[in-house]
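Asker: Quick one: the structure is below, and I'll ask about it shortly.
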Amino acid sequence: MLNSLNSYWRKWRASRHAGHQLDELLAHADPSAPLAVRNQWLIELSHWVQKRGALVNEVREAGEAARYRPHTRLRYLLQMLDRNPAWRLPVARTLRSVIHESDAISLLCDTGLPVRPGFWGALVERIEKALIPPPPTRRDLSALCSLMFPDGDAADWIAAMPPELLADLIALLHYGEDEDDDADWNPFADDLLAAMHHLVNQIASTGLSQAVRSRLTYPRVTDSPFYRLGRAMQELEEAGQAFAHGAPPSQHFVQHINVFRALLDDCGRAARQVYAHLDENGVSVDIVFQVERAKARIRRLERLLEAWLTQAEEDRATARVRLFADLVRANQASQSVGELARTSFGLLARKVVERSAETGEHYIARNRSEYFAMLKMACGGGLVTVVTVYVKFLIVSMHLPTVVEGFLAGANYALCFLFMHFCHFTLATKQPAMTAPAIASKLDDVDTPAGMDAFVGEVIALVRTQAAAIFGNLAMVFPFCLLVQWAVSAALGVNTISPEKAHATLTSFSIFGVTPLFAILTGVLLWFSSLISGWADNWFALHGIGDVLAYNRRLRFVFGRNGAARLADGCRRHIAPVLGNLTLGFMLGLVPAVLTAFALPFEVRHVTLSTGSIATSIGVLGMPVLRDPALWLAVAGVGSMALLNVGVSFALAFHMALRSRPLRLGDRRQIHRAIWRAVLRNPLVLLFPLRSPQLDARPEK
Numbered sequence: 001m002l003n004s005l006n007s008y009w010r011k012w013r014a015s016r017h018a019g020h021q022l023d024e025l026l027a028h029a030d031p032s033a034p035l036a037v038r039n040q041w042l043i044e045l046s047h048w049v050q051k052r053g054a055l056v057n058e059v060r061e062a063g064e065a066a067r068y069r070p071h072t073r074l075r076y077l078l079q080m081l082d083r084n085p086a087w088r089l090p091v092a093r094t095l096r097s098v099i100h101e102s103d104a105i106s107l108l109c110d111t112g113l114p115v116r117p118g119f120w121g122a123l124v125e126r127i128e129k130a131l132i133p134p135p136p137t138r139r140d141l142s143a144l145c146s147l148m149f150p151d152g153d154a155a156d157w158i159a160a161m162p163p164e165l166l167a168d169l170i171a172l173l174h175y176g177e178d179e180d181d182d183a184d185w186n187p188f189a190d191d192l193l194a195a196m197h198h199l200v201n202q203i204a205s206t207g208l209s210q211a212v213r214s215r216l217t218y219p220r221v222t223d224s225p226f227y228r229l230g231r232a233m234q235e236l237e238e239a240g241q242a243f244a245h246g247a248p249p250s251q252h253f254v255q256h257i258n259v260f261r262a263l264l265d266d267c268g269r270a271a272r273q274v275y276a277h278l279d280e281n282g283v284s285v286d287i288v289f290q291v292e293r294a295k296a297r298i299r300r301l302e303r304l305l306e307a308w309l310t311q312a313e314e315d316r317a318t319a320r321v322r323l324f325a326d327l328v329r330a331n332q333a334s335q336s337v338g339e340l341a342r343t344s345f346g347l348l349a350r351k352v353v354e355r356s357a358e359t360g361e362h363y364i365a366r367n368r369s370e371y372f373a374m375l376k377m378a379c380g381g382g383l384v385t386v387v388t389v390y391v392k393f394l395i396v397s398m399h400l401p402t403v404v405e406g407f408l409a410g411a412n413y414a415l416c417f418l419f420m421h422f423c424h425f426t427l428a429t430k431q432p433a434m435t436a437p438a439i440a441s442k443l444d445d446v447d448t449p450a451g452m453d454a455f456v457g458e459v460i461a462l463v464r465t466q467a468a469a470i471f472g473n474l475a476m477v478f479p480f481c482l483l484v485q486w487a488v489s490a491a492l493g494v495n496t497i498s499p500e501k502a503h504a505t506l507t508s509f510s511i512f513g514v515t516p517l518f519a520i521l522t523g524v525l526l527w528f529s530s531l532i533s534g535w536a537d538n539w540f541a542l543h544g545i546g547d548v549l550a551y552n553r554r555l556r557f558v559f560g561r562n563g564a565a566r567l568a569d570g571c572r573r574h575i576a577p578v579l580g581n582l583t584l585g586f587m588l589g590l591v592p593a594v595l596t597a598f599a600l601p602f603e604v605r606h607v608t609l610s611t612g613s614i615a616t617s618i619g620v621l622g623m624p625v626l627r628d629p630a631l632w633l634a635v636a637g638v639g640s641m642a643l644l645n646v647g648v649s650f651a652l653a654f655h656m657a658l659r660s661r662p663l664r665l666g667d668r669r670q671i672h673r674a675i676w677r678a679v680l681r682n683p684l685v686l687l688f689p690l691r692s693p694q695l696d697a698r699p700e701k
């Protein structure tokens with residue numbers, strides 16, 4: 001039994017690259033067999049053509065033709081048919097019968113394009129395709145192409161097919177067709193027309209839907225190019241009847257072609273207009289998906305129109321082969337779940353980071369005045385953190401259940417963060433998640449010297465701002481936590497925490513423990529809060545909550561017209577930071593409690609909060625603690641927290657900002673060299689803004 005299972009397993013693994021011999025395939029071509037049998041025969045023949053490995057006594061041509069092994073195998077196939085003339089006619093008839101009985105509309109219209117509406121429907125469709133390949137019994141050529149060309153590089157060798165090889169294959173297809181009863185086995189021009197009609201209807205349906213129509217500026221629906229596209233297609237077909245039967249294109253036909261192409265351009269501009277509306281009013285993944293699908297259909301329609309209008313026999317064959325290669329390539333891309341996610345969520349990610357970038361612009365100090373302003377804001381944040389630290393100690397001393405303690409700690413953090421926000425104070429490690437998108441926006445122009453200089457200056461300004469924010473936070477939280485401890489001890493004769501708790505606090509912050517790992521996880525929470533903040537701003541804009549509040553009749557009755565407008569504007573400005581602060585606060589309190597409840601110990605390691613805890617511990621333990629190695633290991637741990645809190649949250653936000661932009665960064669080494677040159681030229685620019693016009697000048701917006 002075990003030997004049988006092992007044998008089957010070895011055969012299953014070997015079947016991935018196994019296949020029939022060519023002579024066996026050619027000898028068993030049967031044009032009268034059921035369609036499923038003929039499809040399976042064609043699939044096996046295609047796999048043999050794409051099979052890796054050299055042929056016996058293979059002689060490959062030099063130059064461009066030697067790049068693709070399938071070309072060599074196709075030549076060998078034709079040579080086999082020349083040496084065995086009895087096989088040639090059955091093979092040709094089998095190929096013609098498959099083309100004649102299959103549905104080409106699905107290949108031309110649906111291949112590479114999602115059929116189901118919406119993002120989630122397309123996601124389910126791609127997962128189904130990945131898990132369940134189509135059976136060879138289906139009539140649609142798109143399913144047959146999926147089975148014939150499973151590799152991603154098939155489109156390359158099809159598009160690069162040499163003209164003489166293409167001519168030989170076409171001759172094989174037409175071999176013996178005069179002897180057949182059905183001479184019209186390949187009505188490709190009619191299929192192209194039907195496919196174009198189908199695509200026009202789909203494009204018009206998307207363009208006239210409520211989700212798209214409401215985001216266009218046409219006063220009447222009849223002014224929309226989507227409305228006029230169907231009639232233009234019908235007129236184009238009527239004007240091209242003579243052209244379809246081989247006549248040269250008339251002037252009337254050319255005019256209709258130009259009108260139709262102009263309408264396609266107008267539809268593309270309308271799609272970009274929808275994107276502009278989304279940029280201003282928030283993004284919906286489903287709307288983005290529908291617009292992207294309509295744009296893909298417009299591009300497909302243009303390719304089909306080009307193939308239909310090609311008149312010369314040789315040019316027509318080349319155009320159709322290139323079209324087929326594009327269809328195979330699109331079919332491969334349509335089966336990738338990752339590609340769907342990148343395409344659909346790209347604009348949503350861009351919207352989130354651009355919303356964050358608007359906030360992040362305020363967290364970058366580019367000159368001396370902004371640097372000192374940031375330092376003052378950070379000092380205010382440090383003072384608020386003193387209260388946060390001691391309230392946290394009070395909550396811990398109550399010995400409440402873990403989840404209750406986590407909730408109260410989260411409420412403490414959230415209230416303090418909100419107080420900082422409304423007082424215009426700054427918490428150092430919250431900045432990177434907001435500033436990274438602002439930095440990423442500078443990458444659009446790094447291919448020019450001025451753009452590279454602007455990007456380098458922005459990076460240096462960010463590092464300098466982070467230094468100012470951390471210095472300001474720590475400059476206040478450390479001495480004032482010490483002062484509070486000494487004041488309580490002098491006035492009441494008790495410590496804020498016990499000496500055992502103080503020593504345990506120092507030990508827990510050691511750099512040689514889990515502190516770096518916890519600091520990394522804390523950086524992830526900082527980044528996630530900025531993501532929630534950007535999502536909230538996008539949701540507020542997408543659903544028009546500002547207009548809902550500004551025009552609400554009851555709010556206008558209570559606050560007046562101007563009061564309702566001010567309320568709407570205040571909600572628009574504060575919805576993102578308020579929700580971001582609330583999310584961050586409760587995550588810092590509840591995530592450790594929840595993970596600990598599941599036997600996954602985790603503690604928040606935030607540089608400012610931890611510095612306050614160390615200062616309190618020093619005040620409790622007194623001067624002898626300066627000789628304790630645990631103190632200095634904890635100080636080193638706080639240094640690692642500063643680097644990891646800032647670095648991780650910035651890296652994640654920066655990566656998302658890059659993913660939201662389909663741009664080319666150019667030479668990464670050149671960017672790194674430019675940054676290092678600027679730093680080595682004057683290292684002090686990382687800590688303090690110098691009196692230099694280049695660094696003090698604020699970039700134009």
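If you're matching positions, the sequence shown starts at 1 in full-length UniProt numbering and goes up one per residue. Backbone N, C-alpha and C define an ideal beta-carbon position, used for all residues, glycine too.
I'd like the list of long-range same chain contacts for Leu166, defined as Cβ closer than 8 Å, with 5 residues on each side in sequence excluded.
Answerer: Taking the sequence shown and counting its residues from 1, the one referred to as residue 166 is at position 166. For Leu166, where only same-chain residues beyond five positions count, the Cβ hits under 8 Å are Ala317, Thr318 and Val321.
Asker: Exposed or buried, what is Trp676 when buried is set at 16 or more other beta-carbons lying within 10 Å of its beta-carbon?
Answerer: As a working note, residue 676 is residue 676 in the sequence shown. So Trp676 counts as exposed.
Asker: Find the nearest neighbour of Val607 within the set Leu686, Met80, Val274 and Met641, judged by alpha-carbon distance.
Answerer: Residue 607 sits at position 607 when you count from the first residue of the sequence shown. The shortest Cα separation from Val607 among Leu686, Met80, Val274 and Met641 belongs to Met641.
Asker: Near Arg38, which residues of its chain fall below 8 Å by C-beta distance, leaving aside the five closest residues on each side in sequence?
Answerer: Translated into the one-based positions of the sequence shown, residue 38 becomes position 38. Around Arg38: Asp30, Pro31, Thr94, Ser97 and Val98.
Asker: So within the region 576-658, which uninterrupted alpha helix (DSSP H) runs reach at least 4 residues, ignoring any that extend past its ends?
Answerer: Within the region 576-658, the complete alpha helix (DSSP H) runs of at least 4 residues are 607-621.
Asker: Provide the residue span of the alpha helix (DSSP H) that contains His503, from first to last.
Answerer: Here residue 503 corresponds to residue number 503 of the sequence shown, with the count starting at 1. Segment Pro499 to Ser508, the alpha helix (DSSP H) holding His503.
Asker: Rounded to the nearest angstrom, what separates Leu595 and Pro601 at their Cα positions?
Answerer: Position 595 of the sequence shown, counting from 1, holds the residue named residue 595. Position 601 of the sequence shown, counting from 1, holds the residue named residue 601. Taking the straight line from one Cα to the other gives about 6 Å.
Asker: Taking the alpha-carbon of Glu101 as reference, which of Arg139, Gln79, Leu263 and Trp120 has the nearest alpha-carbon?
Answerer: Along the sequence shown, one-based indexing puts residue 101 at 101. Comparing Cα-Cα distances from Glu101 to each of Arg139, Gln79, Leu263 and Trp120, the minimum goes to Arg139.
Asker: What would DSSP say about Asp103, mapped onto helix, strand or coil?
Answerer: Position 103 of the sequence shown holds residue 103. DSSP places Asp103 in strand when its eight states are reduced to three.
Asker: What are the boundary residues of the alpha helix (DSSP H) that includes Arg38?
Answerer: As a working note, residue 38 is residue 38 in the sequence shown. From DSSP, the alpha helix (DSSP H) with Arg38 extends over Leu35 to Val49.
Asker: Given Thr611, which residues of its chain have a CB within under 6 Å of its CB, disregarding the five upstream and five downstream residues?
Answerer: The count along the sequence shown starts at 1 and reaches residue 611 at position 611. Correct list, in chain order: Leu474, Val477, Phe478 and Val638.
Asker: Using only alpha-carbon positions, find the residue among Leu264, Ala597 and Ala155 that is nearest to Gly406.
Answerer: Stepping through the sequence shown from its first residue, residue 406 is reached at position 406. Out of Leu264, Ala597 and Ala155, Ala597 has the C-alpha closest to the C-alpha of Gly406.
Asker: Ala414 and Ile395 - do their beta-carbons sit closer together than 7 Å?
Answerer: Working through the sequence shown from its first residue, we reach residue 395 at position 395. Working through the sequence shown from its first residue, we reach residue 414 at position 414. No, they are not a contact pair.
Asker: What would DSSP say about Asp445, mapped onto helix, strand or coil?
Answerer: Within the sequence shown, the letter at position 445 stands for residue 445. Helix, per DSSP.
Asker: Which value, in whole angstroms, describes the spacing of the CA atoms of Val578 and Phe419?
Answerer: Residue mapping note: residue 578 aligns to position 578 of the sequence shown, counting from 1. Residue mapping note: residue 419 aligns to position 419 of the sequence shown, counting from 1. About 10 Å.
Asker: Per DSSP, what are the beta-bridge partners of Asp140 in this structure?
Answerer: Here the question's residue 140 lines up with position 140 in the sequence shown. For Asp140, which the question treats as bridged, DSSP gives the partners Asp103.
Asker: Take the Cβ of Phe512 as the centre, count every other Cβ of all protein chains shown within 10 Å, and call the residue buried at 16 or more, exposed below.
Answerer: By one-based count along the sequence shown, residue 512 stands at place 512. With fewer than 16 other Cβ atoms within 10 Å, it is exposed.
Asker: Is the number of C-beta pairs between the region 576-592 and the region 456-466 that are closer than 8 Å three or more?
Answerer: Counting Cβ pairs under 8 Å, fewer than three are found: no touch.
Asker: Identify, in the order they occur along the chain, each residue of the same chain with its Cβ nearer than 7 Å to the Cβ of Leu590, setting aside the five sequence neighbours on each side.
Answerer: Locating residue 590 in the sequence shown gives position 590, counting from the first residue. Result list for Leu590: Gly406, Phe407 and Gly410, in chain order.
Asker: Take Leu549 as the anchor and find which of Phe289, Leu567 and Leu383 has the nearest alpha-carbon.
Answerer: The residue you call residue 549 lines up with position 549 of the sequence shown. It is Leu567 whose Cα lies nearest to the Cα of Leu549.
Asker: For Ala409, which three-state DSSP category applies?
Answerer: If you number the sequence shown from 1, residue 409 lands on position 409. Helix at Ala409.
Asker: Can the beta-carbon of Phe149 be found closer than 7 Å to that of Val328?
Answerer: Position 149 of the sequence shown, counted from the start, is the residue given in the question as residue 149. Position 328 of the sequence shown, counted from the start, is the residue given in the question as residue 328. Against a cut-off of 7 Å, the Cβ pair of Val328 and Phe149 comes out as a contact.
Asker: Decide if Glu314 is buried, meaning its Cβ has at least 16 other Cβ atoms within 10 Å, or exposed.
Answerer: If you number the sequence shown from 1, residue 314 lands on position 314. Exposed is the call here.
Asker: Counting Cβ pairs, one atom from each stretch, are 3 or more of them under 8 Å apart for the region 195-206 and the region 223-238?
Answerer: Judged by Cβ distances under 8 Å, the region 195-206 makes contact with the region 223-238, as three or more pairs qualify.
Asker: Take every Cβ of the region 290-309, pair it with every Cβ of the region 131-147, and state whether three or more of those distances are shorter than 8 Å.
Answerer: They do not touch, by the three-pair rule.
Asker: If you drop the 5 nearest sequence neighbours on each side, which residues of the same chain put their C-beta closer than 6 Å to that of Phe455?
Answerer: For the purposes of this step, residue 455 is identified with residue 455 of the sequence shown, where counting begins at 1. Answer for Phe455: Lys442 and Val446, listed in chain order.
Asker: Could you tell me which whole alpha helix (DSSP H) segments of length 4 or greater appear in the region 358-398?
Answerer: DSSP runs (the alpha helix (DSSP H)) wholly in the region 358-398: 368-397.
Asker: Does the separation of the CB atoms of Leu323 and Thr429 fall below 7 Å?
Answerer: Against the sequence shown, residue 323 aligns to sequence position 323. Against the sequence shown, residue 429 aligns to sequence position 429. The answer is no: Cβ separation not under 7 Å.
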